[in-house]
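*Asks:* Below: one structure in structure tokens.
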Amino acid sequence: MTVPSSLQQLIQALKVLPGVGPKSASRMAYHLLQRDQAGAANLAHAIEYAMATLSHCRHCNTFTEAEVCDICADDERSRRQLCVVEMPTDLLMIEQTLAYQGLYFVLMGRLSPLDGIGTKDIAFERLLERASDGEVEEVILATNFTVEGEATAHYLAETLRARGLKVSRIARGLPVGGELEHVDPSTLAQALVERRGL
Amino acid sequence: MADKAVRKPRRKAAADVPRVDAQPAFILHQYAYRETSRLLDVFSRDLGRVMIVARGVQRPGSQLRGSLLAFQPLLLAWFGAGEVKTLHAAEWQGGLPQLTGLPLLCGFYLNELLMKLLPREDAYPALFGAYFAAIRQLGCSANERAAVEPVLRSFELTLLRALGYAPTLDRQAGGAPLQPGQRYSYDAGFGLVPARDGLPQFEVAVLQAISASCFDDDRVLGQAKLLMRLAFAPLLGDAPLHTRQLLIDLQTL
Chain A
1 MTVPSSLQQL IQALKVLPGV GPKSASRMAY HLLQRDQAGA ANLAHAIEYA MATLSHCRHC
61 NTFTEAEVCD ICADDERSRR QLCVVEMPTD LLMIEQTLAY QGLYFVLMGR LSPLDGIGTK
121 DIAFERLLER ASDGEVEEVI LATNFTVEGE ATAHYLAETL RARGLKVSRI ARGLPVGGEL
181 EHVDPSTLAQ ALVERRGL
Chain B
1 MADKAVRKPR RKAAADVPRV DAQPAFILHQ YAYRETSRLL DVFSRDLGRV MIVARGVQRP
61 GSQLRGSLLA FQPLLLAWFG AGEVKTLHAA EWQGGLPQLT GLPLLCGFYL NELLMKLLPR
121 EDAYPALFGA YFAAIRQLGC SANERAAVEP VLRSFELTLL RALGYAPTLD RQAGGAPLQP
181 GQRYSYDAGF GLVPARDGLP QFEVAVLQAI SASCFDDDRV LGQAKLLMRL AFAPLLGDAP
241 LHTRQLLIDL QTL
């Protein structure tokens, strides 16, 4: 028995998702068609709706339905600080802390020279444009503490500093409430290297 | 009566699977793999470059995640007979600061060279030692070009020697000795030839310094960079080195 072409097409389409291979894709396809047809219609509609309505915020590059996202449109927030993150999920994490009152910029990726991802593959030019609007005084680099995130931070810092902006990097070290006894040794080592004066 | 006891088919015993224990290694690069795993491109001392899958490290609270860092000396244990091995344990060795800034980008450059040029599962213990030394020197380097370039040139030369593509620097291509005071050009795949117009020219004293890995002079450094680029060009082919491009971009700021 051959698989009908429309079913085959659905399986192929599901394979675009990260971590989904042929086997998972066909399992998902059969589940949607056999057990949850309403869910399938809902999924199709949600994808179509998101594709049609979402775009990048003109200021911070995150996903939004309007031209400017809610955070950028909020007059209460400080326009002097700009926090640069890799992904929209990072932005949400920082927002949850309630510790930051400035604005954001989402790179939508990071530099990864070993994967061939360079400055043209992330929103690098848009960041330079955004940071040199005259209002931003400090750029806070909140890229991940992976080697790629560090490389991105270094590259951005050099470029932004050359434009006369103040650049800072979020701190790393022991977690809040962390006990030396239980922390992993690489974090502890780096906390000693990056210790600060009191 | 049963004439013969039915023999159970022999099951593959755990002892059959090749195992490697406490192997000194560096992670060159890692890729996300499946939902919670990572695929590691590892440079180990005694087994060379190996691909290892680290299962479950992307899960929150994974003990291994803090250890699987590039540019940090590790002791890895893995098993498996296929092309991709399975990580069993990873121990962070410490002693080297994490690279940041320009030395970090230079570290990426070394890794890109190794990933492009080193064949899989071929041991290069001496090169591993040179890589370890280079990462250590980068870790102590200041965030400036003058500090990192000697480290890069010296590693490039060791890499070329390990692969058997190092330029012969003590005589001409035909075997004739170098004449002191003369200048020579480098013809990749051939060797040193009397200076030609339109090609970079190297002084004999500089060639001797490069051969001895003495990169403490600006003149030597400048010419060594050109010579290395010529020597690597046929090995790397047309594919550009992304890290080199990134370093050039930074220089032009």
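Those protein sequence lines, which keep their order, are chains A and B. Numbering (the UniProt record's numbering) for the first sequence: 1 to 198. Numbering (the UniProt record's numbering) for the second sequence: 1 to 253. C-beta: ideal position from N, C-alpha, C; glycine also.
Can you list, in chain order, the residues of its chain whose CB lies under 7 Å from that of LEU163 (chain B), leaving out five sequence neighbours each side?
*Replies:* So the qualifying residues of the chain are LEU117.
*Asks:* Assuming contact is defined by CB atoms lying nearer than 9 Å, are LEU128 (chain A) and THR152 (chain A) in contact in what I supplied?
*Replies:* Against a cut-off of 9 Å, the Cβ pair of THR152 (chain A) and LEU128 (chain A) comes out as no contact.
*Asks:* Ordered along the chain, which non-local residues of its own chain (more than five positions away) have a Cβ less than 7 Å from that of PHE108 (chain B)?
*Replies:* Closer than 7 Å at Cβ, skipping near neighbours: THR243.
*Asks:* Taking 9 Å as the threshold (beta carbon to beta carbon), is LEU236 (chain B) in contact with chain A?
*Replies:* For LEU236 (chain B), the answer is no, since every Cβ of chain A falls outside 9 Å of its Cβ.
*Asks:* Kindly say whether ASP184 (chain A), judged by its beta-carbon, lies nearer than 9 Å to any beta-carbon of chain B.
*Replies:* ASP184 (chain A) counts as touching chain B.
*Asks:* Taking C-beta pairs closer than 8 Å, name the residues in chain A that PHE108 (chain B) reaches, listed in chain order.
*Replies:* Those within 8 Å of PHE108 (chain B) in chain A are PRO113, LEU114, VAL147, ALA151.
*Asks:* Using the beta-carbon of each residue, which ones in chain B are nearer than 8 Å to VAL193 (chain A)?
*Replies:* Result: PRO97, GLN98.
*Asks:* Classify LYS120 (chain A) as buried or exposed, calling it buried when 16 or more other Cβ atoms lie within 10 Å of its own Cβ.
*Replies:* Exposed.
*Asks:* When you compare the CB of LEU76 (chain B) with every CB in chain A, is at least one pair closer than 9 Å?
*Replies:* With 9 Å as the cut-off, LEU76 (chain B) does not count as an interface residue toward chain A.
*Asks:* Using C-beta distances below 8 Å, list every residue in its chain close to MET51 (chain B), excluding the 5 sequence neighbours before and after it, in chain order.
*Replies:* These residues qualify, in order along the chain: LEU39, LEU40, ASP41, VAL42, GLU83, VAL84, LYS85, ARG120.
*Asks:* Here's a check: name, in chain order, each residue in its chain whose Cβ is nearer than 6 Å to the Cβ of ARG55 (chain B), leaving out the five neighbours to either side.
*Replies:* If we look at ARG55 (chain B) and ignore the five residues flanking it on each side, its Cβ neighbours are SER37.
*Asks:* How big is the Cα-Cα spacing for PRO103 (chain B) and GLN208 (chain B)?
*Replies:* Roughly 27 Å between the two C-alpha positions.
*Asks:* Would you kindly report the start and end of the unbroken beta strand (DSSP E) that includes GLN201 (chain B)?
*Replies:* Its beta strand (DSSP E) spans residues 201-203.
*Asks:* Going by the CB atoms, is the gap between LEU192 (chain B) and LEU160 (chain B) shorter than 9 Å?
*Replies:* The answer is no: Cβ separation not under 9 Å.
*Asks:* Measuring alpha carbon to alpha carbon, tell me which residue in B:ALA142, B:SER185, B:CYS214 is nearest LEU226 (chain B).
*Replies:* That would be B:SER185, whose Cα lies nearest to the Cα of LEU226 (chain B).
*Asks:* Excluding the five sequence neighbours on either side, which residues of its own chain have a C-beta within less than 8 Å of the C-beta of GLY48 (chain B), listed in chain order?
*Replies:* Closer than 8 Å at Cβ, skipping near neighbours: LEU118, PRO119, ARG120, GLU121, ASP122, ALA123, TYR124.
*Asks:* Count the C-beta pairs between the stretch 142-149 of chain B and the stretch 68-82 of chain B that are closer than 8 Å, then say yes if the count reaches three, no if not.
*Replies:* They do not touch, by the three-pair rule.
*Asks:* With 16 other CB atoms within 10 Å as the buried threshold, where does SER132 (chain A) fall?
*Replies:* By the 10 Å Cβ count, SER132 (chain A) comes out exposed.
*Asks:* Which runs of the beta strand (DSSP E) fall wholly inside the stretch 29-90 of chain A and span at least 3 residues, in chain order?
*Replies:* For the stretch 29-90 of chain A, whole beta strand (DSSP E) runs of length 3 or above, ordered along the chain, are 81-85.
*Asks:* Contact criterion: CB-CB distance below 9 Å. Does HIS45 (chain A) meet it with respect to chain B?
*Replies:* Closer than 9 Å: no.
*Asks:* Could you tell me whether the Cβ atoms of VAL167 (chain A) and ALA157 (chain A) are closer together than 9 Å?
*Replies:* Contact: yes.
*Asks:* Any C-beta of chain B sitting closer than 9 Å to the C-beta of THR53 (chain A)?
*Replies:* Judged by the 9 Å Cβ criterion, THR53 (chain A) is not in contact with chain B.
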